[in-house]
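Read the structure below first, then the notes.
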Amino acid sequence: MKTRASAYRLEYLDWVRGIAALIMLQGHVFDSFLKADLRPGGAYLFSQFVGGMPPAIFLFLTGVTLAFLMDSTERKGIGPLFRVIEAFRRSGYLFFLAFAFRLQAFTFGFPAATWQDLCKVDVLNCMGFCIALLSVMAVFTTRERIRFCAILGLAIAAASPLISQMDWSRLPWFVRAYLVPDYRYFGLFPWGAYLAFGMSAGSVIRVVPAEATERMMQWSALLGGALILVCQYFASAPFQIYAKSEFWLNHPAQILTKVGVTLLILPVAFVWTRYGAKEGGWSFVRQFGITSLLVYWVHIELVYGRWFFFLKERLTVAQTILAAVIVILLMLALSLIKTNWGKVKAALSDMGWRLGPKADPVAGD
């Protein structure tokens with residue numbers, strides 16, 4: 609039987625993931641194709657400012673679905689140890705995807721690619737690593753995970769500037785990349801905080817009764833707005849808690865602001881899918897959400913690979929916007945082919961039957 613949580617996941621959670629995918633696409637197109645001399649302008653800065661949200665949203669939603677998995681195994685009566693093992697298995701799956709993605713990028717980039725590219729810590733690596741560490745949260749009940757994961761998320765966010773100040777030079781760079789805040793990589797600090805907060809939110813979704821869902825969304829909007837206001841106040845306050853920190857790299861105010869924005873997007877998506885969208889109708893935003901991994905994988909090669917090398921850092925703002933629209937449409941087409949592959953195969957087969965040579969009734973097939 610389809611559970612309430614799984615039904616909602618297919619609606620507003622996938623819609624949120626689709627929004628993140630669209631923001632990601634435009635951000636990467638601007639980053640790859642816009643002329644270098646135009647990057648100090650407002651269009652590029654706005655694109656990249658908004659473009660910083662998708663990784664946080666993807667990690668948050670990964671935490672939500674991980675919480676769903678933990679709750680599901682708990683409801684089935686599975687013991688704590690095996691619940692941890694089940695959660696840990698998802699980590700292995702994501703690590704497999706992460707290294708397969710790096711291997712594909714390395715192969716397509718050869719001979720310019722280096723072996724270090726195989727060890728780059730991207731968002732999929734971060735997901736796998738964080739899930740491996742946070743899988744121990746499966747030993748607790750769903751209600752306990754609400755507060756424990758929220759505390760853990762706060763702890764990771766608060767410790768991020770301190771982790772940056774520590775001397776990690778004795779560790780190999782590819783190990784540091786999994787731990788230490790870095791503009792080039794997605795380490796546990798601070799990115800693991802989003803997954804922990806997502807696990808807390810996913811646990812809330814699981815325990816809240818169906819009739820209280822709208823009230824939950826109201827609280828999500830209030831909490832999200834409050835987080836943004838409070839964090840912006842402390843970020844601009846004349847006094848600072850940390851001796852040294854960088855707002856866009858490791859500052860807790862920046863991390864919690866993104867959590868607040870995500871908590872605001874959730875009720876907007878819920879209201880739209882519940883009351884605004886046509887029941888049972890198709891949504892291109894949700895279409896991106898349910899195939900976000902495929903879209904992420906393919907567009908990285910398309911935008912940053914060799915396919916459009918002649919456009920790299922050569923477009924005006926208007927041309928880059930047009931390129932972003934084209935990439936979005938291409939990814940939408942790919943997404944539709946993915947979800948309707950059975951129909952596509954049938955149509956191609958039928959076309960081949962009509963267009964191909966007919967069998968000789970005498971000679972046989």
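Start counting at 1 in the sequence shown, then tack on 608, and there's your number in our numbering.
Note that the Cβ used here is the ideal one computed from N, Cα and C, for glycine as well.
In the three-state DSSP reduction, L689 falls in the helix class (H, G or I). Take T749, set aside five residues on each side of it, and the residues of its chain with a beta-carbon closer than 7 Å to its own are E682, in chain order. For P769, the enclosing alpha helix (DSSP H) begins and ends at T750 to Q773.
Between A932 and the set L760, A629 and F707, the nearest pair of CA atoms involves A629. Per DSSP, the unbroken alpha helix (DSSP H) holding D679 starts and ends at M661 to R683. For L923, the three-state secondary structure derived from DSSP is strand.
No Cβ-Cβ contact shorter than 9 Å links I836 with A801.
Put simply, of S891, P769 and L642 the residue whose alpha carbon is nearest the alpha carbon of A851 is P769. When DSSP states are grouped into helix, strand and coil, L796 belongs to the helix group.
The alpha-carbon of T715 is positioned some 30 Å away from that of S655. In the three-state scheme derived from DSSP, where H, G and I count as helix and E and B as strand, L642 is classed as strand. In terms of Cβ geometry, G649 and F703 do not form a close pair [threshold 9 Å]. Between the C-alpha atoms of A708 and G687 there is a straight-line separation of about 32 Å.
For the options A675, L872, Y620 and W827, the alpha carbon positioned closest to that of L742 is the one of A675. Secondary structure remark: continuous alpha helix (DSSP H) runs of at least 4 residues inside the region 800 to 852, in chain order: 821 to 843. Contact check for L872 against S943 fails: the beta carbons are separated by 9 Å or more. Taking 9 Å as the cut-off, the beta carbon of R710 is found no closer than this to the beta carbon of F666. If you draw a straight line from the Cα of L646 to the Cα of E921, it is about 9 Å long. The C-beta of I759 has fewer than 16 other C-beta atoms within 10 Å across all chains shown, which makes the residue exposed. When secondary structure is reduced to three states using DSSP, H636 falls in the helix class. Around the beta carbon of M774, a 10 Å sphere encloses fewer than 16 other beta carbons of the protein chains shown; the residue is thus reported as exposed. Just measuring C-alpha positions, the residue of G660, M632, V672 and F641 sitting nearest L874 is V672.
The beta carbon of A861 sits closer than 6 Å to those of C839, F842 and A843, all from its chain and outside the five residues before and after it, given in chain order.
Nearest neighbour of D730 by Cα position, chosen from W799, K684 and G950, turns out to be W799.
Residue state for H907 is assigned as helix, using DSSP reduced to three classes. With contacts defined as CB atoms closer than 9 Å, Y904 and M632 qualify as a contacting pair. Distance check between F918 and each of L621, E694, L642 and A720 places L642 closest, using alpha-carbon atoms only. Following the DSSP letters along the chain, one finds Q862 inside the alpha helix (DSSP H) bounded by residues P860 to V879. If you ignore the 5 residues before and after H636, its C-beta comes within less than 6 Å of the C-beta of V911, all in its own chain and listed in chain order. Taken atom to atom, the span from the alpha-carbon of R691 to that of V747 is near 7 Å. Apart from the 5 residues on each side of it in sequence, D725 sits with its Cβ closer than 6 Å to the Cβ of F714 in its chain, given in chain order. In the three-state scheme derived from DSSP, where H, G and I count as helix and E and B as strand, K728 is classed as coil.
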